[in-house]
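There are 4 protein chains.
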Amino acid sequence: MAKKAKIAIVGGSGLTGTELIKILDMHKNVEVKYVTSRTYEGQMISNVFKGLTCNLKFKKSLDIEDLNGIDVLFLCLPPHDSMNYIKSLYKQFSGIIIDVGSDFRLKDAKEYKKWYGKEHIIPEILEKFVYGLPEINYNDIKNTKFIANPGCYPTSVLLGLFPVLDQKIKIKDIIIDSKSGVTGAGRKLKDNYLYINVSQNFYAYGANGHRHTGEIEQEIKSIYGKKLKISFTPHLLPVHRGIFTSIYCKIENDYSYSEIFNNYYKNSYFVNVIDSIPQIKDVCGTNMCNISTMYDNRSKVLKIFTAIDNLVKGAAGQAVQNMNIALGFPEIEGLIKEGLYT
Amino acid sequence: MAKKAKIAIVGGSGLTGTELIKILDMHKNVEVKYVTSRTYEGQMISNVFKGLTCNLKFKKSLDIEDLNGIDVLFLCLPPHDSMNYIKSLYKQFSGIIIDVGSDFRLKDAKEYKKWYGKEHIIPEILEKFVYGLPEINYNDIKNTKFIANPGCYPTSVLLGLFPVLDQKIKIKDIIIDSKSGVTGAGRKLKDNYLYINVSQNFYAYGANGHRHTGEIEQEIKSIYGKKLKISFTPHLLPVHRGIFTSIYCKIENDYSYSEIFNNYYKNSYFVNVIDSIPQIKDVCGTNMCNISTMYDNRSKVLKIFTAIDNLVKGAAGQAVQNMNIALGFPEIEGLIKEGLYT
Amino acid sequence: MAKKAKIAIVGGSGLTGTELIKILDMHKNVEVKYVTSRTYEGQMISNVFKGLTCNLKFKKSLDIEDLNGIDVLFLCLPPHDSMNYIKSLYKQFSGIIIDVGSDFRLKDAKEYKKWYGKEHIIPEILEKFVYGLPEINYNDIKNTKFIANPGCYPTSVLLGLFPVLDQKIKIKDIIIDSKSGVTGAGRKLKDNYLYINVSQNFYAYGANGHRHTGEIEQEIKSIYGKKLKISFTPHLLPVHRGIFTSIYCKIENDYSYSEIFNNYYKNSYFVNVIDSIPQIKDVCGTNMCNISTMYDNRSKVLKIFTAIDNLVKGAAGQAVQNMNIALGFPEIEGLIKEGLYT
Amino acid sequence: MAKKAKIAIVGGSGLTGTELIKILDMHKNVEVKYVTSRTYEGQMISNVFKGLTCNLKFKKSLDIEDLNGIDVLFLCLPPHDSMNYIKSLYKQFSGIIIDVGSDFRLKDAKEYKKWYGKEHIIPEILEKFVYGLPEINYNDIKNTKFIANPGCYPTSVLLGLFPVLDQKIKIKDIIIDSKSGVTGAGRKLKDNYLYINVSQNFYAYGANGHRHTGEIEQEIKSIYGKKLKISFTPHLLPVHRGIFTSIYCKIENDYSYSEIFNNYYKNSYFVNVIDSIPQIKDVCGTNMCNISTMYDNRSKVLKIFTAIDNLVKGAAGQAVQNMNIALGFPEIEGLIKEGLYT
């Protein structure tokens, strides 16, 4: 058997981190060497999280010496922490860095300042990072050492928009109404995320400028060629996992959207263009994105519906898909395609 | 004590019917005399529904003799059944008819045909029926014998739109994304409504022309003075009760929406204009509609968020509110204002 | 109209406190004058809890002067806080004290020390407090100024056991398996109570000696005449409200249990002995306790099943029922008998 | 690569069937050749169940010719259907039959009549079937062509009881309180399984003699050497998957139960004896059984808590584990050990 790729995970006790541990545990070509967690330093992973089997102990931190021999470094850290962590070591580290966080998604340091509220401390590296949406940037991902894994909402939005943007059709407005399960917020201990406040409840939040807006508009521009100002509103769903995004594009004419979408994704294993409206339950636990479209002639609105699992295609799964591509493994290795709730 | 109003309910074993029984049981000024149910004919209500205390037996049906002395007749029937039922008796019946179903909401028989798929059999009565949204049509409700209780989605949409429509501001587009709990679908025994298909799931449905679109556009026109074609998309939420509606209005300018809304509803007991985004849990079990607004200057979109309980303000509660107005009872009698999930 | 009773609530921002505010708001004969909350001091109740309509402001605390003219003082405080609070004022206060907490349920100060881990600081008052289970101690409640409201689990257990204990039948063993919704734990901000750890989950806890064991055994002894050592195990249900208790009594013979239970509760408005197994949904939001029994001849086990709403019959509702009895109001005033999920 | 084992599944559109398809799709050593479904005959599996990727079409039925060359035949059928199906073909079929249903679990045809209400039509085959609980009957499973996969409740009960039974300790009584997620009931379209009747609800059912009682007592006798009459009560949990079983054994003395359990399962990959009380979420989606024990000296009750996923270790996963053993594959091949809700 070929030598396994060696993996390090920084920030392994958040929801993205544990999902990544779980997926990599089912992956035939890798070996997880280190996982860090300040909260659980020194404790065995399978003891802290009874649903995991990994018998490594959480390390407090990893310095450049520890990373010697590591092939892939995954960063699962809150905003600002990724750039702080890699600033001093990215030049020496010879492996691939996949930032599952948000520090390297925006190409423009001013945009970073605007949406994340702080100066970027290594702006010179931003251009090096490839935006890791494999259905769009496959070749760039194949040839880079720096991958910025997309946000969960942007993944659900952009996979829905790209086929239309790619046609260069005239789009007058884009209104996006996204709904995410509560794992999108991580393991934070906040009143908002208590069972009594989530279950049997639903509401919009961040209606006046969610951070992911900048990321979405950047990628729209890169495909469409010009800037479009979108209206984006996230909502909190009373489910564990899943994002359902409803995209409303004001477009005067009815093109053959179904054909356009099928064609655009004909070679994408993880995007499924379907005839019926997608449901969260069918993609939960998988790396799939299910999509359907419908043009409403009365109101001249193209409706695009997408469903993903925010922790998988929206985070850890997509990160592993990116790793597979970058390391030349089969794109689907380690990634489940079958839903939880069949 | 004054004499109590006598009530008959036709179609009392659906979710709207049982909610109505429950509300009327807490009402000081009424006495429920008859409740019909073909399914449970002859059985005691509190035996069929262990959560109810009503000790009447379900009757199979009510004819015009039974209705002698009845002050209010509530109809909780599927489409087409209400008109079939009252066709032969509405001229003789001396009380008030409140149709909680959908047969008398559309004023135009052609629209009825278009959205409900059948000819209306008593088109001559359509103009007599008042559209029972008390926050708008209070005076008409006070002076009629025929009340068409609004649909659950239209209630959540129209209460959000009226203050803006009333200003006659130029609105370029209206995109409506509504999310409803599963009780909106009634007690139907369908695969879609099994726990395994609802819980931990979410999706849009009826994306290409939901029946409530016609009702919404009719009422928009009656306030705004001209027809606006809306885009309306309902979604199924994994909760028992509650509708959350996100309304996106493309409007060029930022008026003082908060002031407009507060002013419009300053005398409406059951509409609460609030500073934070409404949550379903706060209105569950109540007859309240909570509303907030936000204007996004970047995309020129006014966002209006509304939350109601679909079974109460969206059905049985609003029906009782209509009855209270029509009979001169205090508007809030029998209606709970306190949420289930405080 | 008669003068309304004046109410003060100490500890009004916990789940029991807000449920009490909500119930008292529907009560015709009372007026809530003060509600305290250290967390929300100075804020309007309806602003903090959007589901409530009470427009009082939370006070920081109440001293003996504030209590002048108060007819009923409800204490909704954690263990030890009730006794600390009333120690200096109970002699002067002329109204009725209803402790919805746990400081005065155990008659024996040694038992208090054993189960609650601290010395009782006013042991001399313990005998004055009546154990406020109205279905058993109606007359004592009518004639006291000191009421200890039972725990939620003990209420669900004791209402199930009393009819059998009262018969003085020989019972070899009592095994109690209780399951409670998460509101039983209050609003605590703990990892255990996050949506991601409650929803789609279930487990036992406190298996080795839950505090309510002492309370249950005390009351068993008072009816049965001798001490029985029970095995009691609580579990956490993924629901907001409701306790379902399965009681397994090893008894050699099959008496007519159904008749015994029906007879015992024939005058109890809030206990419903039913033929089918009770369901949590039928009692949710109500002050009801539904009970059924079944004797298994094979294993010689009498199974008793009870269902209550832990926040209502298990806490705030029972407290109001006790108040109604003590003040001579109708026992059911303010208390809902109709379930949420009909 | 070695030749893959060829699989046929009869009854592939129930919840056990689809779970089996999903697991076998991740299994390296097998190839599913046929899946039958009368309901969905002729339709592609991945079209009917959007969460599955299998592109076979459901066949109406399989006769003995179809089974030529099949290595393993899984039966996922309701009671009575398995015996009807194999009666005419079991003698000719050369592969292994694994009945995931209930027709061959009871060794005694009279017991079958008693618990399942019909005469067994091939009683002569009952002794040939091995009870497929691999943690107990590993060697027999290795050497048989006929495997009766245990019921979901019995799996959760027996894995908890075996270590104690094996000690031949004196047990006075065994009271079993089991709680199962709704997938235990399959995809049945019944009012009881609607979202509105399951979510936010909980209750016991089948309290007077559930079918699994006979199966549990049979296996207890086979280990313990003598018959014990148990009290078994199932309850319905508002979750998709998972069984949590609380076993209460009246035993006079405190042996070192933790040591006994750890020792008993030291070589069992899929049983995890843990220090804390197991939680359903940690085993959901996996083939694991988590167990803990606690002896209560006050009441002389040994409490044993077990958690499994009813569709995996309680059905399809255990069936695959049995297949792995019978065919000499690694016992864990295809079986996930990592929980859904980490």
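Heads up: the protein sequence lines correspond to chains S, Y, E and D, in order.
The letter at position 237 of the first sequence is residue 237 when you use the working numbering, and the numbering goes up by one with no holes.
The letter at position 82 of the second sequence is residue 424 when you use the working numbering, and the numbering goes up by one with no holes.
The letter at position 163 of the third sequence is residue 847 when you use the working numbering, and the numbering goes up by one with no holes.
The letter at position 178 of the fourth sequence is residue 1204 when you use the working numbering, and the numbering goes up by one with no holes.
Beta carbons are placed, not taken as given, at the ideal position from N, Cα and C, and that holds for glycine.
- Secondary structure note for Thr587(Y): its beta strand (DSSP E) is the uninterrupted segment 585-592.
- One Cα belongs to Ser1063(D), the other to Leu1078(D), and the distance between them is close to 15 angstroms.
- Contact between Gly1177(D) and Leu1101(D) does not hold, since their C-beta atoms are separated by about 14 angstroms, which reaches or exceeds 8 angstroms.
- Contact between the region 855-874 of chain E and the region 1328-1348 of chain D is not established, with fewer than three Cβ pairs separated by less than 8 angstroms.
- Proximity of the region 883-890 of chain E to the region 799-809 of chain E falls short of the contact definition, fewer than three beta-carbon pairs being nearer than 8 angstroms.
- The CB of Lys1021(E) comes closer than 7 angstroms to the CB of Thr395 in chain Y, given here in chain order.
- Its chain contains Lys987 as the residues whose beta carbon lies nearer than 7 angstroms to that of Met978(E), once the 5 sequence neighbours on both sides are disregarded; these appear in chain order.
- For Val1058(D), the secondary structure class from DSSP, reduced to helix, strand or coil, is strand.
- DSSP places Leu126(S) in no alpha helix (DSSP H); its state is neither H nor E.
- Non-local beta-carbon contacts of Ser424(Y) in its own chain, meaning distances under 6 angstroms to residues more than five positions away in sequence, involve Leu417, Asp441, Gly443, Asp445 in chain order.
- Look at the region 889-923 of chain E: the residues with a C-beta under 7 angstroms from a C-beta of chain D are Tyr889, Ala891, Asn892, Lys913, Ile914, Ser915, Thr917, Leu921, Pro922, Val923.
- Listed along chain S, the residues sitting closer than 9 angstroms to Lys1307(D) by beta-carbon distance are Lys50, Gly51.
- For the region 1000-1025 of chain E, the beta-carbon criterion of a distance under 9 angstroms to any beta-carbon of chain Y is satisfied by Ile1020, Lys1021, Glu1022, Gly1023, Leu1024, Tyr1025.
- The Cβ atoms of Gly1207(D) and His1261(D) lie no closer than 7 angstroms to each other.
- Rounded to the nearest whole angstrom, the CA to CA distance from Glu1137(D) to Thr1181(D) is 19 angstroms.
- Listed along chain D is no residue with a C-beta nearer than 7 angstroms to that of Tyr607(Y); the closest approach is about 31 angstroms.
- At a cut-off of 7 angstroms between beta carbons, Val273(S) makes no contact with chain E.
- Counting only Cβ-Cβ distances below 7 angstroms, Thr183(S) has contacts in chain E at Ile880, in chain order.
- The three-state secondary structure of Cys631(Y), taken from DSSP, is strand.
- Residues of chain E whose Cβ lies closer than 7 angstroms to the Cβ of Gly627(Y) are, in chain order, Leu1024.
- Nearest to Asn55(S) by alpha-carbon distance, out of Ile70(S), Glu31(S), Lys107(S), Asp66(S), is Glu31(S).
- Ranked by Cα distance from Ile678(Y), the first of Ala692(E), His711(E), Lys690(E) is His711(E).
- The C-beta of Lys364(Y) comes closer than 7 angstroms to at least one C-beta of chain E.
- The DSSP-derived three-state label of Val1190(D) is helix.
- For Lys741(E), the CB contacts under 8 angstroms within the same chain, skipping 5 residues up- and downstream, are Gly726, Gln727, Met728, Ile729 in chain order.
- The bridge partners DSSP lists for Tyr637(Y) are Leu644(Y).
- Nothing from the region 486-498 of chain Y brings a Cβ to less than 7 angstroms from some Cβ of chain S.
- Boundaries of the alpha helix (DSSP H) around Lys455(Y): 451-458.
- When the Cα atoms are used, Ser942(E) and Asp367(Y) turn out to be separated by approximately 29 angstroms.
- No Cβ-Cβ contact shorter than 7 angstroms links Leu845(E) with Thr990(E).
- Assigned with DSSP and collapsed to three states, Ala185(S) falls in helix.
- Counting along the chain, the unbroken beta strand (DSSP E) around Asp173(S) starts and ends at 173-180.
- Secondary structure at Ala204(S): strand, using DSSP grouped into helix, strand and coil.
- By DSSP's assignment, Ile7(S) forms a beta bridge with Val32(S), Val72(S).
- Counting every other CB atom within 10 Å of its CB across the protein chains shown gives Asn297(S) a total below 16, marking it as exposed.
- For Tyr193(S), a Cβ of chain E is located within less than 7 angstroms of the residue's own Cβ.
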